[in-house]
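According to UniProt numbering, the residues represented by the sequence shown are 1 to 801, in order. Cβ atoms here follow ideal geometry from the backbone N, Cα and C, with glycine treated the same way.
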Amino acid sequence: MSLLHLAIVSPLVLAALIPTLYRTFPKIHTGWFLLPLPILLFSYFLQFISQTSQGNTITRNLQWIPSLGIDFTVKIDGLGLLFALLITGIGSLVVLYSIYYLSKEKEKLNLFYVYLLLFMGAMLGVVLSDNLILLYSFWELTSFSSFLLIGYWHHRERSRYGAQKSMLITVFGGLAMLGGILLLYMMTGTFSISETIAVAGELPGSQLFIPALLCFLLGAFTKSAQFPFHIWLPDAMEAPTPVSAYLHSATMVKAGIYLVARLTPIFAQSGIWLWLVAGIGIITLFWGSFSAVRQSDLKGILAYSTISQLGMIMSLLGIGAVALHFDGVNDGIYTVAVTAAVFHLINHATFKGSLFMAVGIIDHETGTRDIRRLGGLMTLMPITFTISLIGTLSMAGLPPFNGFLSKEMFFTGMLNAKEAGIFSLDVWGILFPVIAWTGSVFTFVYCMILLFRTFTGGFKPEKLDKEPHEAPLGMLVPPIILASLVIVFGLFPKLLANTLISPAMAAILPSLVEDGKQFNVHISHWHGFKPELFMTIGVVLVGILLYKTQESWSGIYRLFPEKFSFNKLYDHSLELLQRVSRKFTRMYMNGFIRTYLVYIFSFFIFILGVALVYSQAVKFDTADLAEVRFYEVILVAIIALSSVSILFAKSRLTSIILLGAVGYTVALFFVIFRAPDLALTQLVIETVSVSLFLLCFYHLPKLRKSEGRVGFKLFNLLIAAGVGAIVTVISLSAHSSKKFESISNYYIENTYKKAGGENMVNVILVDFRGFDTLFEICVLGIAALGIYGMIKLRLAKGKTE
1 MSLLHLAIVS
11 PLVLAALIPT
21 LYRTFPKIHT
31 GWFLLPLPIL
41 LFSYFLQFIS
51 QTSQGNTITR
61 NLQWIPSLGI
71 DFTVKIDGLG
81 LLFALLITGI
91 GSLVVLYSIY
101 YLSKEKEKLN
111 LFYVYLLLFM
121 GAMLGVVLSD
131 NLILLYSFWE
141 LTSFSSFLLI
151 GYWHHRERSR
161 YGAQKSMLIT
171 VFGGLAMLGG
181 ILLLYMMTGT
191 FSISETIAVA
201 GELPGSQLFI
211 PALLCFLLGA
221 FTKSAQFPFH
231 IWLPDAMEAP
241 TPVSAYLHSA
251 TMVKAGIYLV
261 ARLTPIFAQS
271 GIWLWLVAGI
281 GIITLFWGSF
291 SAVRQSDLKG
301 ILAYSTISQL
311 GMIMSLLGIG
321 AVALHFDGVN
331 DGIYTVAVTA
341 AVFHLINHAT
351 FKGSLFMAVG
361 IIDHETGTRD
371 IRRLGGLMTL
381 MPITFTISLI
391 GTLSMAGLPP
401 FNGFLSKEMF
411 FTGMLNAKEA
421 GIFSLDVWGI
431 LFPVIAWTGS
441 VFTFVYCMIL
451 LFRTFTGGFK
461 PEKLDKEPHE
471 APLGMLVPPI
481 ILASLVIVFG
491 LFPKLLANTL
501 ISPAMAAILP
511 SLVEDGKQFN
521 VHISHWHGFK
531 PELFMTIGVV
541 LVGILLYKTQ
551 ESWSGIYRLF
561 PEKFSFNKLY
571 DHSLELLQRV
581 SRKFTRMYMN
591 GFIRTYLVYI
601 FSFFIFILGV
611 ALVYSQAVKF
621 DTADLAEVRF
631 YEVILVAIIA
641 LSSVSILFAK
651 SRLTSIILLG
661 AVGYTVALFF
671 VIFRAPDLAL
681 TQLVIETVSV
691 SLFLLCFYHL
701 PKLRKSEGRV
711 GFKLFNLLIA
721 AGVGAIVTVI
731 SLSAHSSKKF
741 ESISNYYIEN
751 TYKKAGGENM
761 VNVILVDFRG
771 FDTLFEICVL
781 GIAALGIYGM
791 IKLRLAKGKT
801 E
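In structure tokens form, the structure reads like this:
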């Protein structure tokens, strides 16, 4: 295992150790044990900048299931490295912030940091995997760990609701993405992302290309909260603020962005990809910014602003895909959108991370996030105000901060869209700059609301739960670092141009890179008197006007009543599903096992019977059958007589004894056919089963009269005879229709030679069918954990939500 593999799994290993550290050192905040790891990982990934900036790619492979083409293959290129640095860098600051935000006396820190480490490792796995199945495995682990983090305060109903909502929506998208992976494999014969990109030019002609494209986009849109799947993100704000700062500004919500960027070389040849990515992105940008203005909760504003900013990046990737249809690595008119997407990806992590932490400080020190109760905090919390000022002005797109630079490039990319002349962009491309400008106006408005209504105006101490004061230094350091980066990247953008942005663009647009030549990334504050400048001036002027006159036009939101929202649609859909499922379940769940067996066996008889007839598989050839000996006939007669007698037994004890006779007779068959180990197992299980049945059924009431009716028993006989007949027909037909030599010869020849064992049955179970046995053990282990959890569970009585 290479160091790169260890870097990915190290958070998962430390997660397993956290409970021990938590119990061993109860007086030390658990976060201090965790903090060194993301710092070390960030330092480790920094060393790869010199290699990726030269166009090099680092790949490490570890065999996993090579027979299926599934290996633990990881790759670092410009795009993967950028995300790895965001995950570990922001992760380090979030851990430091959480040490001061979460009290070790009031919180179950062992659970929090286990969940956080699971998520960190899963995200690293997603962005560094070069195998689609490996990527999917980590992808679903991010959904699972984020579910645990969002529902960390599980005693709150809203936390549980938000966690469930995010899980249902993102896992739905994940399953769709799995379908896309399988379709892509059917087209290429490989799970390798690099190999798939190499043959991408051959894929558009396949009938599976568009379905695979749509499946992948479902996965990306649900994870990155794109319209209309954005509804899970605001409810996820019920998580602790460190979680929001980590998952919902820099990492999890950008997993979908990463997926679109990584798959752009494969699917961008289709106009459907361009229009869906760019179109859904620009709609999400507008709807997120428009919805943020009506929020009164600070984290609610940031949630919808995140949705809006993610839509902005997504739309840029969609428009940037146009570049793959033209030649020229330095043709900025087409690549500027991708440059803006990568640059804003970094910028958004810095200013939004700092804002989430600042809001967490306000909530922590005042006891509320409701802007209707806040105001006048500028003099009481000057450092937090400064952090918020830098973050909001950057998010609003004002100079000299980094958000201004990427926002200007965003306008440039949108204006250039109509110049491409392909996929009808020359006709409909004008909509992109119009919607982009409108969304930016609302972005400016909610930035002003967040900043001024929190820190200016009249101070309202009577509405606050705590006496506000500045946060401790440890809680201020992380947002100060991020706010400082906002300024540094704004004043010196060339620090990122050739180190992170250009290599990431090379991974997104590989066909435009020739002989390792890097993209010419030009970022500056002044571009002259161009349309982008006038669009920015218009955003500021109209934004100030709308902010000052908000009360006079806010009635427009009444046109979108809550009862007709996507949230209500989601809630009603779940309620309808529950009602229908309960009604349907009551139709067949009557509490009698016998009824359930009737359903199961009837379906069994029908499906297999139809399959046998439809496939014309019924065939009887007795030429190769062994001679039937007289004592085998006697044993079969005993089994048949015992089985039929069960139907006419007048007590349960008699039925159990007859059933035991069937089992013991089957054990005799194993002895006759020289399978002593199976015979021994059958005898032991039969003895235990009969004993337990006798013990349990002795205390049950007598059989009901309905169970003694002839019709009732004849129906049972019919079902049993049908199952027996179907199984017999299948067995004889399978024996009579052999298409190849029996596999038993292979086991006879290789049991000792390849597995070194003399007991063939044991070798088959442990070696040849090792995965079957492993999964059976896993099932038993999970069942044991569930039983243990139920035994240890102690519900608090009288506890209200």
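With H, G and I counted as helix, E and B as strand and the rest as coil, what does DSSP make of residue i?
i           : result
THR585      : helix
SER736      : helix
VAL329      : At VAL329 the pLDDT is 45, less than 50, meaning the model places this residue with poor confidence and gives no usable figure here.
ASP77       : coil
ASN759      : coil
residue 808 : Any property of residue 808 remains undetermined from this structure, which presents the chain solely from 1 to 801.
ASN416      : helix
ASP465      : coil
SER2        : coil
residue 805 : For the chain, the structure presents residues 1 to 801; residue 805 sits outside this window and is missing.
SER129      : strand
ILE70       : strand
ASP621      : coil
SER192      : strand
Locate the alpha helix (DSSP H) running through residue i, then write down its first and last residues.
i      : result
LEU62  : It is not in any alpha helix (DSSP H) - LEU62 instead sits in the beta strand (DSSP E) that spans 58-65.
HIS230 : HIS230 -> no alpha helix (DSSP H), and no H or E assigned at all.
GLY174 : 157-188
TRP153 : Element bounds for TRP153: n/a, residue is neither H nor E.
ALA661 : 652-672
ASP677 : 676-697
TYR557 : First-last for TYR557: undefined, no H or E at that position.
SER305 : 298-320
PRO531 : 531-548
MET378 : Element bounds for MET378: n/a, residue is neither H nor E.
ALA497 : It is not in any alpha helix (DSSP H) - ALA497 carries neither H nor E in the DSSP assignment.
GLY288 : 271-292
PHE25  : Taken as a continuous stretch (DSSP letters only), PHE25 belongs to no alpha helix (DSSP H), as it is neither H nor E.
Do residue j and residue i come within 8 angstroms of each other at the CB atom, strictly closer than that value?
i      : j      : result
PHE343 : LEU405 : yes
LEU451 : SER502 : no
GLY660 : VAL690 : yes
LEU93  : PRO478 : yes
SER742 : ALA617 : no
HIS348 : GLN309 : yes
TYR752 : PHE768 : no
LYS108 : THR170 : no
ILE8   : GLY121 : yes
HIS522 : PRO399 : no
LEU81  : ILE133 : no
ILE449 : ILE556 : no
THR350 : LEU485 : yes
TYR101 : ILE301 : no
LEU79  : ILE508 : yes
SER98  : GLY205 : no
THR773 : VAL763 : no
ALA649 : LEU658 : yes
Give me the Cβ distance between residue i and residue j, rounded to the nearest whole Å; I'm assuming they're in contact under 8 angstroms.
i      : j      : result
GLY457 : GLY376 : 6 angstroms
ALA239 : LEU168 : With a Cβ gap of about 16 angstroms, ALA239 and LEU168 do not count as contacting.
LEU178 : SER145 : Actually they do not touch by this definition, with Cβ atoms about 18 angstroms apart.
PHE209 : MET186 : No, PHE209 and MET186 are not in contact; Cβ-Cβ is about 11 angstroms, not under 8 angstroms.
ALA483 : SER354 : 5 angstroms
LEU274 : ALA321 : 5 angstroms
MET381 : GLU470 : 5 angstroms
PHE401 : GLY490 : 4 angstroms
ILE76  : ILE58  : 4 angstroms
ALA176 : LEU218 : 4 angstroms
LEU128 : ALA84  : 6 angstroms
Query raised in the report: Any contact of the region 537-546 with the region 355-367, i.e. 3+ C-beta pairs under 8 angstroms?
Result: no
Query raised in the report: Are the region 2-16 and the region 102-121 in contact at 8 angstroms, needing three or more beta carbon pairs?
Result: yes
Query raised in the report: Touching or not, the region 256-276 and the region 212-222, by the rule of three or more beta carbon pairs under 8 angstroms?
Result: yes
Query raised in the report: Do three or more CB pairs link the region 195-203 to the region 272-287 at distances below 8 angstroms?
Result: no
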